[in-house]
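**Q** Here it is: the structure, laid out below.
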């Protein structure tokens, strides 16, 4: 399964590691450069630094091919908006 994770904090990082260990294809998007660098070094996943509610960033992350999107940033509004955008792209699970 291809999973896009919005947020590379504690929850997003743990989830990415777990999903990769189970054989899933994972893409993580976060706007924090330090978190992205740390996660890139720790897990075999595509990690993109950028604004998760940017259509350009989400397109780069392959949202149109995602089976699921998990929004776990520290901001509820961003999480909700990310899920709404994912639904517009046809992602079935958010």
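Residue numbers (the working numbering): 2 to 95. Where a beta carbon is used, it is the ideal one built from N, C-alpha and C, also for glycine.
Among 95, 47, 58, 89, which one has its Cα closest to the Cα of residue 27?
**A** When only C-alpha atoms are compared, the closest one is 47.
**Q** What does DSSP give as the partner residues of residue 31 in its beta bridges?
**A** Note: residue 31 sits in a beta bridge opposite 50.
**Q** Going along the chain, which unbroken runs of the alpha helix (DSSP H) with 4 or more residues stay wholly within the region 51–90?
**A** Fully enclosed alpha helix (DSSP H) runs of 4 or longer: 56–61, 77–89.
**Q** Can you tell me which of 59, 63, 82, 39 puts its alpha carbon nearest to the alpha carbon of residue 10?
**A** Taking only the C-alpha atoms, the option nearest residue 10 is 39.
**Q** What's the gap between the Cα of residue 79 and the Cα of residue 73?
**A** So the alpha carbons of these two residues sit roughly 9 angstroms apart.
**Q** For residue 42, which beta-bridge partners are listed by DSSP?
**A** The partner list for residue 42 (beta bridge, DSSP) is empty, contrary to what the question assumes.
**Q** Hey, could you find the ends of the beta strand (DSSP E) residue 3 is sitting in?
**A** That run of the beta strand (DSSP E) goes 3–7.
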